[in-house]
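Taken in sequence, the protein lines are chains A and B. The opening position of the first sequence corresponds to residue 1 in my numbering, with each subsequent residue numbered one higher. The opening position of the second sequence corresponds to residue 1001 in my numbering, with each subsequent residue numbered one higher.
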Amino acid sequence: MTDRARSERRLGWLLCAPAAIAMLAVTAYPIGYAFVLSLQRVDLRFPEESGFVGFDNYSAVLSSDLWWTDLFNTIFLSVISVSIELCLGMAIALVMHRAIFGRGVVRTSVLIPYGIVTVVAAFSWQFAFAPDTGFVNQLPLIADDKDWFGERFSAFSVIIMAEVWKTTPFMALLLLAGLTTIDDGLYSAAKVDGASAWQRFTRITLPLMKPAILVALLFRTLDAFRIFDTIFIMTGGAQDTQSVSILGYQQLISRLNLGLGSAVSVLIFLCVLVIAVIFVKGLGARQPESGRA
Amino acid sequence: MRGRRRVRLASVACVAAIAAALVSGCGGDDSEGTSLKWFIAIQPGGSIQEVAETCSRQSGGRYDIELELLPTDASQQREQLVRRLGAEDSSIDLIGMDVVWTAEFANAGWIREWSGRDASEVKRGVFPPVVETASFEGKLYGAPFNSNTQLLWYRKDLVPKPPETWDEMVRMAEKIGPGNGGQIQVQADRYEGFTVWANAMIESAGTQVLSGPETVDLAPAPTEKALASMGLMANSSAAAPNLTTSDEDTARLGFEAGAAFMVNYTFAFGSAKENAPKIAKNMGAARFPGITPGLESKPPLGGFNLGVSAFSEKADLAFEAAKCLTAPAQQLTVTELDGLAPARSGLYDTPQVKKAFPGFANLVRESIETAGPRPVTPAYQDVSLAIQSALHPPTKIDPDDPEPVYDELKDKVEQGVNREGLL
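Here you go:
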């Protein structure tokens, strides 16, 4: 390597260093600290009882029915809501892509739900479905006194609906970005060859959009797995609708049991890591730009 | 080029704004050193502001009470406070503590003990159960500010004589029929209000959740009786359709819409008078129903006590301010403006209290005097979560066989006081 190349490389490292240090400080340090806490007995209310307990907190979490119920709830919510979002998002992306006039207006208005704070959206839907003050029970075919949040299945459906309503636009935008990268010439050529609209969609659009779809799915799944606000507002975790994030919140913030709570957080982190690995390694999700490989 | 310059200007403005916010955030300390920060839940009638102003004025400039108003939800108030106290935040001087926080805060060393003449002054004439809520291990940690209790509210046009027990009430409501208002409104969402209800039921049956900070009581026979009554109510036609998501507010709405029975705090009366005058005209108040005929009920107890933060640098002034804020005159202001029950029993014969509780001032006094407070333990939060997770939803309790739920309750509460495992 020449001197010049070496000094350029050193400059490169130096230029990256601030960003790398900032990342370490704001992500690696808290994660490391949470891991250290998870190996200890720490309860802010009982400061004198602190001490190292090894993996006791993890065994307490993993041997609890509550963890497994909540993990199931979280996975169930993520899978259902992300699947619905993908289908709806794809439809909206196609519409936005084909919109001839008012493109800007269409794209902006579709984004409105995503711009609303999750807590506010959750409250709005909760009020809408409340049996005493909401409008949903006034609709035809719905019992006037239906208590949507009083039972697991109906509570889940409202939670999923609110999630889908709010995050479909995000999905649609990511998919739209993928759509715009497809060369229109391919469609014209296919048309000349007599391909139907459905064939063009399954043979051209979907395969060429695979990277974009996988990235969109990855982002949304990771997001959906950490679901907190909507459940917290709507049911507070009652009727067995609790997610793992709410479980962590209860240990950390309500009980101030930092040891147990950190163990839950670390486990959530591991789950998220597993999801990311499955998507990236297993399904080959890559940023569309790095499609060279 | 112009575009880029604009971006640069905008980013400079952003940085400047953030820096300004940081500087002002850090430098917010009052140089005079006479300002006292009081963290307490907001009250809609403005009584908190009023008493803070009165006491600041009366201090003759020695202190000035600055308010940090917390949300109305008890769990959220606590979460905001414990995060600060856990971090030894010295900016808190006075704390408006919900009656169930005393043991937790005192045990963690977050609040100071009241002793000597100060203690006897703030305890004078205060209901014994209220003093108990402000004490931990025989020491006083809070000055009772206001009290609160639940009554049985009923519609006099549907119910000639109020029921004495829950089972009797269920029978009455079923007889009236769900279409005609035969409904009982309670608080049975999975939140602190559910613990309040369950605890009152268990206490009324003649036992208690804990007999000491770390000892579970829950005598089997009376506890199962209490659980059976909860299950009977929850599974009867008298239960509201939104039973398992009901709170103080949905209960009041249900009553104002025509339900025959409701257990709720005293605010419900003022609310009905304003929102449903027709209902309010026939609104009767009675003692919280019991479990066993002949055995007096032990109604729920709420309210706030004032604690002085262990991390306050102006503790002497804070004690003085707390004495002023809890003095009889200030308690009456709170009753007048917000309809909250005073913590001192002697005040119930004053015109202010009689006006706030027309015709039921004595009932409120009796109810507080004989109330069954929630468990006193530093692990209160865990115990409350344990009760909720064992008993919610109450529809799962089989009134003819409450034993399985009893076993679960006992297990969970044990786990709660020992602070073990997930809750």
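Glycine included, every Cβ here is placed at the ideal spot set by N, Cα and C. Model, not experiment: these values are computed from the prediction.
Chain A contact for residue i (CB, 8 Å cutoff)
i, result
"Thr1195(B)", "no"
"Tyr1191(B)", "yes"
"Arg1374(B)", "no"
"Pro1044(B)", "no"
"Pro1241(B)", "yes"
"Glu1088(B)", "no"
"Ala1386(B)", "no"
"Glu1079(B)", "yes"
Residue from the options with nearest C-alpha to residue i
i, options, result
"Ile978(B)", "Ala1257(B), Val1159(B), Lys1175(B) and Ala1074(B)", "Not covered by the structure: residue 978(B). The range shown for chain B is 1001 to 1423."
"Lys1355(B)", "Ile1368(B), Thr1395(B), Leu1340(B) and Arg1344(B)", "Leu1340(B)"
"Thr168(A)", "Ala19(A), Val192(A) and Ile80(A)", "Ile80(A)"
"Thr1395(B)", "Ala1234(B), Asn1362(B) and Leu1069(B)", "Ala1234(B)"
"Leu1158(B)", "Glu1079(B), Leu1317(B), Tyr1380(B) and Met1283(B)", "Met1283(B)"
"Pro1213(B)", "Leu1232(B), Ser1237(B) and Glu1414(B)", "Glu1414(B)"
"Gln40(A)", "Glu48(A), Ala25(A) and Asp56(A)", "Asp56(A)"
"Leu1317(B)", "Thr1072(B), Ile1092(B) and Gln1077(B)", "Ile1092(B)"
"Val1051(B)", "Gln1080(B), Gln1331(B), Val1209(B) and Asn1418(B)", "Gln1331(B)"
"Asn1242(B)", "Gln126(A), Leu62(A) and Asp147(A)", "Asp147(A)"
"Gly1346(B)", "Asn1418(B), Asn1199(B) and Val1126(B)", "Val1126(B)"
"Asn1362(B)", "Arg1252(B), Thr1266(B) and Arg1190(B)", "Thr1266(B)"
Residues near residue i by beta carbon distance below 8 Å, same chain, minus five either side
i, result
"Ala128(A)", "Gly134, Phe135 and Val136"
"Gly1061(B)", "Thr1034"
"Phe279(A)", "Leu214, Leu217, Leu218, Thr221 and Ala285"
"Leu1022(B)", "Caution is warranted here: a pLDDT of 49 is assigned to Leu1022(B), below 50, making its placement in the model unreliable, and no coordinate value can be reported."
"Arg292(A)", "Because Arg292(A) sits at a pLDDT of 42, beneath the cut-off of 50, its placement in the model cannot be relied upon, and the point is left open."
"Phe228(A)", "Ser243, Ser245, Ile246 and Tyr249"
"Ala5(A)", "none"
"Asp1411(B)", "Ala1390"
"Met161(A)", "Trp125"
Proximity test, Cβ basis, 8 Å: residue i and chain B
i, result
"Leu252(A)", "no"
"Pro113(A)", "no"
"Phe232(A)", "no"
"Leu66(A)", "yes"
"Asn257(A)", "yes"
"Val266(A)", "no"
"Phe149(A)", "yes"
"Gln40(A)", "no"
"Asp145(A)", "yes"
"Pro288(A)", "Residue confidence is low: Pro288(A) scores 48 on pLDDT, short of 50, so the model does not pin down where it sits. Its coordinate-derived value is still stated next. No, its Cβ sits nowhere closer than 8 Å to a Cβ of chain B."
"Leu132(A)", "One detail in the question is off: residue 132(A) reads as Asp in this sequence, not Leu. True, the Cβ-Cβ gap to chain B drops below 8 Å."
"Gly236(A)", "yes"
"Ala122(A)", "no"
"Leu247(A)", "yes"
"Ala60(A)", "yes"
"Arg45(A)", "yes"
"Leu270(A)", "no"
"Leu174(A)", "no"
Contacts around residue i, its chain only, beta-carbon distance under 7 Å, and the 5 residues preceding and following it disregarded
i, result
"Glu1192(B)", "Ala1074, Ser1075 and Ser1384"
"Val1263(B)", "Gln1150, Leu1152, Val1186 and Phe1288"
"Ser1047(B)", "Thr1333, Val1334, Leu1337 and Asp1338"
"Gly1231(B)", "Pro1394, Ile1397, Asp1398, Pro1399 and Pro1402"
"Val82(A)", "Leu217, Arg220, Thr221 and Ala224"
Which residues DSSP lists as bridging residue i, in chain order
i, result
"Leu1306(B)", "Gly1096(B) and Ala1143(B)"
"Gly1284(B)", "Tyr1154(B)"
"Ala1341(B)", "Ser1147(B)"
"Leu1210(B)", "Val1216(B)"
"Gly1290(B)", "Thr1165(B)"
"Val975(B)", "Outside the modelled stretch of chain B, which goes from 1001 to 1423, sits residue 975(B), for which no answer is possible."
Close beta carbons around residue i, own chain, < 6 Å, minus the five adjacent residues each side
i, result
"Glu1256(B)", "Ala1272, Asn1275, Ala1276 and Ile1279"
"Asp180(A)", "As written in the sequence, residue 180(A) is Thr, which differs from the Asp given in the question. Excluding positions up to five away in sequence, the list is empty."
"Lys166(A)", "Pro113 and Ala121"
"Tyr58(A)", "Ala263"
> At a cut of 8 Å, does the stretch 252–271 of chain A reach the stretch 41–56 of chain A through at least three beta carbon pairs?
Replying inline: Yes, since at least three Cβ pairs between the stretch 252–271 of chain A and the stretch 41–56 of chain A fall closer than 8 Å, the two stretches touch.
> If we count Cβ pairs, one from each stretch, closer than 8 Å, do we get three or more for the stretch 1174–1189 of chain B versus the stretch 1134–1146 of chain B?
Replying inline: As far as the Cβ criterion goes, the stretch 1174–1189 of chain B does not touch the stretch 1134–1146 of chain B, which means the pair count is below three.
> Okay, do the stretch 60–73 of chain A and the stretch 233–252 of chain A touch, 3+ Cβ pairs below 8 Å being the bar?
Replying inline: Pairwise C-beta distances place the stretch 60–73 of chain A in contact with the stretch 233–252 of chain A, as three or more of them are shorter than 8 Å.
> Taking one C-beta from the stretch 1371–1382 of chain B and one from the stretch 1092–1106 of chain B each time, how about it: are there three or more such pairs within less than 8 Å?
Replying inline: Touching, yes, given that three or more Cβ pairs across the two stretches are closer than 8 Å.
> Do the stretch 191–205 of chain A and the stretch 137–151 of chain A touch if we need at least three Cβ pairs shorter than 8 Å?
Replying inline: The stretch 191–205 of chain A vs the stretch 137–151 of chain A: no contact.
> Looking at C-beta atoms only, is the number of pairs between the stretch 1305–1325 of chain B and the stretch 1116–1131 of chain B that lie closer than 8 Å three or more?
Replying inline: A contact exists between the stretch 1305–1325 of chain B and the stretch 1116–1131 of chain B.
> Can you find at least 3 beta carbon pairs, one from the stretch 1195–1206 of chain B and one from the stretch 1216–1234 of chain B, that sit closer than 8 Å?
Replying inline: With three or more CB-CB distances shorter than 8 Å, the stretch 1195–1206 of chain B counts as touching the stretch 1216–1234 of chain B.
>> Three Cβ pairs or more, each shorter than 8 Å: is that satisfied between the stretch 265–283 of chain A and the stretch 27–40 of chain A?
In response: The stretch 265–283 of chain A, when compared against the stretch 27–40 of chain A, does touch it at the 8 Å Cβ threshold.
>> Does the structure place the stretch 1286–1305 of chain B close enough to the stretch 1103–1111 of chain B that three or more beta carbon pairs sit under 8 Å?
In response: Verdict: no, contact absent.
>> Assess contact between the stretch 1123–1134 of chain B and the stretch 1300–1308 of chain B, defined as three or more Cβ pairs (one per stretch) separated by less than 8 Å. Is contact present?
In response: They touch, by the three-pair rule.
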